[in-house]
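Notes follow the structure.
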């Protein structure tokens, strides 16, 4: 039996100590996911709290499959909670596809510190950020994103392309400013 299995059994027995330990172990991870979707730290904190409430009330439905499955399950709940907070903000999406004849050149992301890159992603408009995170970090298809956000697949593709272009511009500006 590994740590996740033992931890899960303690949680399912409604052990308060295990609930506190769950929060200590995963609060940073959950908050990072919430901040990827929600640029406002108060909203991210609310989503994080809702995530832990949902985890603790649904822990009996979780089935241990392998090492890391608990973390993956927690991450999925965190992303869903952050998206629900975003949806309450009534996101505005555009169906208009940008001109794709000029595909942006991929900037060298390796020259940008992780914290700066995370800040840049956080500065994207909410619709761009939601689609970008679902596509890049959650590895969802445009079909899945469209279904989850109640938008068309074309809108999802448009939002992703716009997000990539905006990020590429910010990255190039950052690299240029650090090389001067």
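Numbering (our numbering), first residue to last: 2 to 181.
Positions of the beta carbon are idealized from the N, C-alpha and C atoms, including for glycine.
A quick note: this is a predicted structure, and the numbers were derived from the prediction, not measured.
Would you identify the three-state DSSP class for residue i, choosing helix, strand or coil?
{"i": "residue 54", "result": "helix"}
{"i": "residue 126", "result": "coil"}
{"i": "residue 22", "result": "helix"}
{"i": "residue 151", "result": "coil"}
{"i": "residue 141", "result": "coil"}
{"i": "residue 108", "result": "coil"}
{"i": "residue 160", "result": "helix"}
Assuming contact is defined by CB atoms lying nearer than 8 Å, are residue i and residue j in contact in what I supplied?
{"i": "residue 125", "j": "residue 90", "result": "no"}
{"i": "residue 1", "j": "residue 161", "result": "Beyond the ends of the chain as shown, which are 2 and 181, falls residue 1; an answer cannot be given."}
{"i": "residue 69", "j": "residue 34", "result": "no"}
{"i": "residue 73", "j": "residue 31", "result": "no"}
{"i": "residue 36", "j": "residue 23", "result": "no"}
{"i": "residue 61", "j": "residue 82", "result": "no"}
{"i": "residue 28", "j": "residue 49", "result": "yes"}
{"i": "residue 84", "j": "residue 149", "result": "yes"}
Spatial neighbours of residue i within its chain, please: C-beta separation below 7 Å, excluding the five flanking residues on both sides.
{"i": "residue 87", "result": "38, 39, 127 and 131"}
{"i": "residue 108", "result": "169, 172, 173 and 176"}
{"i": "residue 143", "result": "154, 157 and 158"}
{"i": "residue 57", "result": "20"}
Please work out which residues of its chain come closer than 8 Å, Cβ to Cβ, to residue i, disregarding the five sequence neighbours upstream and downstream, and give them in chain order.
{"i": "residue 117", "result": "175"}
{"i": "residue 133", "result": "122, 125, 160, 161, 164, 165 and 168"}
{"i": "residue 71", "result": "5, 8, 9, 63 and 65"}
{"i": "residue 145", "result": "135"}
Can you find a CB in chain D that lies within less than 8 Å of the CB of residue i?
{"i": "residue 127", "result": "Given the protein chain composition of this structure (a single chain), no chain D is represented."}
Give the list of continuous alpha helix (DSSP H) stretches no shorter than 4 residues that lie fully inside the region 30-77.
42-59
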